[in-house]
Amino acid sequence: MPRPGAAQSPATGGRAGELWFDPTQLPSFTGTVERYLLNPRGETDALIFREGPQVVFPPDIAAAVRHIAPPGRPIIVWGIRARNAPVITMLAFASGNDATPSVVERFYWRLSRRQAMERARPVTVAGTVKQPYYAPQGDVAGAILEDGSVVLLPQGAVEAFRDLLKPGAKLAAEGMGHAEDAGRAVLAARLGEAPEALRPVPADPGR
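Its first residue numbered 1, the sequence shown is counted upward by one per residue in my numbering.
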């Protein structure tokens, strides 16, 4: 995306003036940040608009995105929306129409199930599903609870638990993940309607 020789900082993203194209010609989406989401490695790699859609971005620009748009503040996102789900892959972002967009250096496809999670530890979550958790391509990959906890399922395991991932469903999960004041996220090894009614989740056959 950047022209050859353009200097960019992973912490802040590239500036629109360094590009050979105008990122504001991409589809734009404006919303108010409701909350940021962790992945099971403890990285922030997504946000939810108060208006509903999810937005995914590389963890290395999370601090820059949070800086211009803390929860409760609006943000403009330029990017690609999945064909069949309310999830947007961020390619540029700004605090408002008068601000110079910062550009994301690369597409981000979220946490790979094959990635090691050195910092992960056992985590248990339980609550009511707010909305499905989507992969950038629009596939359901888990659920987001009302308190912002993220439950991610191994690839290929979603179909067997689809009824538990719908808005309003009661959901409990345990597995390896991350928990801190900013939120919780777990790659589910066991899943059910309540902590006392968990059943094993099939492992990702591609791992």
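Every residue, glycine too, gets a C-beta built ideally from N, C-alpha and C.
Query, Result
"Q25 classed as buried or exposed, judged by whether at least 16 other C-beta atoms fall within 10 angstroms", "exposed"
"One or two residues paired with S149 in a DSSP bridge", "Looking at the DSSP assignment, S149 forms no beta bridge with any residue, so it has no partner."
"Where D22 falls, given that 16 or more other Cβ within 10 Å makes a residue buried", "exposed"
"Test item: CB-CB of G177 and L187 under 8 Å", "yes"
"Distance between beta carbons of V56 and A46, contact taken as under 8 Å", "5 Å"
"Length of the line joining the Cα atoms of P202 and G148", "24 Å"
"Three-way DSSP call (helix, strand, coil) for D45 in this model", "strand"
"Contact check, A69 vs I75, beta carbons under 8 Å", "yes"
"Below-8 Å beta-carbon distance, P70 vs any chain D residue", "No chain D appears in the structure shown, which is made up of a single protein chain."
"Own chain, CB closer than 8 Å to N84, minus 5 neighbours either side, in chain order", "G138"
"Any non-hydrogen atom of the ligand NAP closer than 7 Å to P154 Cβ", "For the ligand NAP, the structure offers nothing, since it holds no ligand at all."
"For A169 and G156, the rounded distance between their alpha carbons", "20 Å"
"Classification of N39 by the beta-carbon crowding that lies within 10 angstroms, buried from 16 upward", "buried"
"Distance, S95 Cα to R113 Cα", "Here the model assigns R113 a pLDDT of 49, short of 50, so the residue's position is not dependable, and the following value carries that caveat. If you take the alpha carbons of R113 and S95, they lie about 32 Å apart."
"T12 versus P58: straight-line alpha-carbon distance, rounded", "In this prediction, T12 has a pLDDT of 45, which is less than 50 and means its spatial position is unreliable; what the coordinates show is noted afterwards. Near 11 Å, if we compare the C-alpha coordinates of P58 and T12."
"Unbroken alpha helix (DSSP H) run spanning R199, endpoints", "Segment L198 to P200 is the beta strand (DSSP E) holding R199; no alpha helix (DSSP H) there."
"C-beta contact flag for F29 and I88 at 8 Å", "yes"
"Helix, strand or coil at E51 [DSSP, three-state]", "coil"
"Distance, I144 Cα to G52 Cα", "12 Å"
"Proximity below 8 Å, CB of L153 to CB of A185", "no"
"Counted within 10 angstroms of its Cβ, other Cβ atoms place E180 as buried (16 or more) or exposed", "exposed"
"Endpoints, beta strand (DSSP E) assigned at V87", "V87 to A94"
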